[in-house]
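*Asks:*
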Amino acid sequence: MSADEATSHPVDMVLSLHREGTVRLLRTMRSHHVMPPFCHPWGSERAYLALLRGACSLTLLDVPDGAATFELEGRVRLLRDFTTVVVLTPRHIDAVSLLRAGAVNVLPRDTPPMELASRLIAERRWLVLSAARGGLRAPPRSEQMLSPRQMSQQVLFGLLASATRPWCCHDLCLLLGNGPTPLSRRALQGRMVRLGERLAEHGMSVLSSHQWGRTTYMGIHEIPVRQREGR
30 MSADEATSHP VDMVLSLHRE GTVRLLRTMR SHHVMPPFCH PWGSERAYLA
80 LLRGACSLTL LDVPDGAATF ELEGRVRLLR DFTTVVVLTP RHIDAVSLLR
130 AGAVNVLPRD TPPMELASRL IAERRWLVLS AARGGLRAPP RSEQMLSPRQ
180 MSQQVLFGLL ASATRPWCCH DLCLLLGNGP TPLSRRALQG RMVRLGERLA
230 EHGMSVLSSH QWGRTTYMGI HEIPVRQREG R
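Quick note, in this note's numbering, the sequence shown goes up one by one and the last residue is 260.
1. I'd like the list of long-range same chain contacts for A97, defined as Cβ closer than 7 Å, with 5 residues on each side in sequence excluded.
2. Enumerated in chain order, which unbroken segments of the beta strand (DSSP E) with a length of 3 residues or greater are wholly contained in the segment 86 to 174?
3. Mind checking whether Q182 and R120 have CB atoms under 9 Å apart?
4. With 16 other CB atoms within 10 Å as the buried threshold, where does S37 fall?
5. Quick check: the Cα distance between R129 and Y246, rounded to an integer number of angstroms?
6. For a test of the three-state rule: what should DSSP assign to L44, helix, strand or coil?
7. Just to confirm, is the Cβ distance from P93 to G50 under 9 Å?
8. Assign S171 to one of two classes, buried (16 or more other C-beta atoms within 10 Å of its C-beta) or exposed (fewer than that).
9. Just to confirm before moving on: does the CB-CB distance between L189 and I249 stay below 9 Å?
10. In terms of DSSP beta bridges, what is I249 paired with?
11. Compute the distance between the beta-carbons of T118 and E152, then report whether it is under 9 Å.
12. Using a Cβ-Cβ cut-off of 7 Å (strictly less than) and excluding sequence neighbours within five positions of V135, which residues of its own chain qualify?
13. Which word fits L158, buried or exposed, when buried means at least 16 other C-beta atoms lie within 10 angstroms of its C-beta?
14. Output needed for S237: all residues of its chain with C-beta closer than 7 Å, excluding positions within five of it in sequence on either side, in chain order.
15. Output the boundary residues of the alpha helix (DSSP H) element that contains C198.
16. Assign D41 to buried or exposed, taking buried as 16 or more other Cβ atoms, counted over all protein chains shown, within 10 Å of its Cβ.
17. Report the partner residues of Q240 according to the DSSP bridge assignment.
18. At which residues does the alpha helix (DSSP H) containing S181 begin and terminate?
19. With M221 as the anchor, note down where its alpha helix (DSSP H) starts and where it stops.
20. From the DSSP output, in three-state form, read off H38 for me.
21. Within the same chain, show all residues whose beta-carbon is closer than 7 Å to that of P177, passing over the 5 residues directly before and after it, in chain order.
22. Ignore the nearest five residues each way along the sequence and tell me which others in G72's own chain have a CB closer than 8 Å to its CB.
23. My understanding is that L55 touches P39, with C-beta atoms under 8 Å, so please give their C-beta distance in whole angstroms.
24. Leaving out the 5 sequence neighbours to the left and right, which residues in its chain are closer than 6 Å to S31 when beta-carbon positions are compared?
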């Protein structure tokens, strides 16, 4: 985690789908010292970059009443690719589907503060033990490689450089958009073009394929020397 994000709290990052509700939660939980004193909105580039550069991070995805819950399972599935996810939801949300999507736990938002704190501490212990046993693989630290100047490109680079599976354009738009609104395909394409230009300066490119109206990004590819010399 970056210096400004690092804390001694069991939860490294709080991502919110409705900031006002999460702020109240943080205020209630402040005396238990299990969460950072602030939250990040869904789609926060600063939050994603900190998680990509960290190892064995624990993220709380808070879903307050009134939050946009469309594709909630998809959001969990995307987050779990680069962080361990605990979801905090109202009781009417289907917890089973979120667990199947990759959350390590789904907790009701009306859980008493002391109990919630204890559960989050237990999740951190499990995470540390799993990492020590080799059960969790830390993603490559993107800062050891080329890092573009703009934060939006740094996030894309980090996602692609540490990818364990292809990224569909739909998934990237959902991950990089705000709570209720995914990033537009055109905006994503623009970011990819600019990232590609930056990578080309260092003999690298974004490996992608296009089929049935969707673009799939497979990762960062080193351009062969002969191909570079022929340009």
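Think of the CB as a built atom: it goes at the ideal place given N, C-alpha and C, for glycine as much as any other residue.
*Replies:* From the atom records:
1. L46, G208 and P209
2. 87 to 91, 113 to 118 and 134 to 137
3. no
4. exposed
5. 24 Å
6. strand
7. yes
8. Confidence at S171 is low in this model, with a pLDDT of 41, below 50, so its placement is unreliable and the value that follows should be read with caution. S171 should be labelled buried.
9. yes
10. V235
11. no
12. V116, T118, A124, L127 and L128
13. exposed
14. T244, T245, Y246 and M247
15. C198 to L205
16. buried
17. R243
18. M180 to A190
19. R214 to A229
20. coil
21. Q183, F186, L224 and R227
22. L204, L205, G206, N207, G208 and L212
23. About 14 Å; that fails the 8 Å criterion.
24. Residue confidence is low: S31 scores 43 on pLDDT, short of 50, so the model does not pin down where it sits. Its coordinate-derived value is still stated next. Answer for S31: A79, listed in chain order.
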